[in-house]
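Here the sequence shown is numbered in the working numbering, starting from 19 and rising by one per residue. Only one structure is covered here, and it is reproduced in the block below.
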Amino acid sequence: MSRLLLFLLSLIALAPAGAETRDPARFFFQETFGNFQEEAGLARDEGKQGVMIFFEMDDCPFCHRMKTTVLNQPEVQAYFRQHFRVFSVDIEGDVEITDFQGRAITQKDFAFKQFQVRATPVFAFFDTGGKLVARYTGPTSGVEEMLWLGEYVAEGHYRDESFARYKRDRRQQASRQ
């Protein structure tokens, strides 16, 4: 065998096992008609903790990075789909949606006026009654931190501690293992 072929075969063998990625538009975000009051009710009916909204902008490099390195990972997609109904809202969008109180509003007014979203991305978590229970601004450092964010909300840790403290405790647990 040629050296090049041996080199290529060794690279394939060293590729990480879980290197599969999937389109977040299909496997992370769910389709919606934009009625978040109904989506919260569906989350309740499905036994989920609530709704997670990813506030984003088209030209946001951090949103793009999240979609291409974290939200495209099967384990992230599976965890969030199991615990939340998951949607994206364009903070510059003129599309009309229905907020958690049943009022018609544009995406940009929903983001700016109701939730003061000024920078993206923002991960906003709502309970099944439509109440904001947790919010994280900015990209996560990677898959592990994104999964911790999901656990933080799904397991109710947001009631007792900040996400910064939760992450610190999780890092300490991981370093002991």
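C-beta atoms are modelled at their ideal positions from N, C-alpha and C, and glycine is treated no differently.
| Asked | Found |
| --- | --- |
| R40 versus G111, K85 and F128, residue with shortest Cα-Cα distance | K85 |
| Where the alpha helix (DSSP H) containing M164 begins and where it ends | V161 to A172 |
| Secondary structure of M75, DSSP reduced to three states | coil |
| Rounded straight-line distance, which links the Cα of E56 to that of R62 | 10 angstroms |
| Where the alpha helix (DSSP H) containing L60 begins and where it ends | F54 to D63 |
| Local Cβ density within 10 Å of G65, reported as buried at 16 or more and exposed below that | exposed |
| L29 in three-state terms, based on DSSP | Its pLDDT being 35, under 50, L29 is placed unreliably by the model, and nothing is read from it. |
| Close-in-space but distant-in-sequence residues of the same chain around G148 (CB under 6 angstroms, 5 per side omitted) | A58 and F118 |
| contact_flag[the stretch 135 to 142, the stretch 111 to 125] where n(CB pairs < 8 angstroms) is 3 or more | no |
| Length of the line joining the Cα atoms of R161 and Q95 | It is Val, not Arg, that sits at residue 161 in the sequence shown. About 10 angstroms. |
| Distance between E93 and F45 (C-alpha atoms, nearest Å) | 11 angstroms |
| Whole-number beta carbon distance between F144 and V88, since they are thought to touch under 8 angstroms | Not confirmed; about 21 angstroms, so no contact. |
| Extent of the continuous beta strand (DSSP E) to which D102 belongs | What sits at residue 102 in the sequence shown is Phe, not Asp. F102 to D108 is the span of the beta strand (DSSP E), which, as asked, contains F102. |
| The stretch 71 to 80 in contact with the stretch 96 to 112 per 3-pair CB rule at 8 angstroms | yes |
| Collapsed DSSP secondary structure at E114 in the structure displayed | strand |
| V135 - DSSP class collapsed to helix/strand/coil | coil |
| Among R183, F47 and F181, nearest to H101 - alpha-carbon criterion | F47 |
| Per DSSP, the bridge partner or partners of R153 | A142 |
| Boundaries of the beta strand (DSSP E) in which A122 is found, first to last residue | A122 to T124 |
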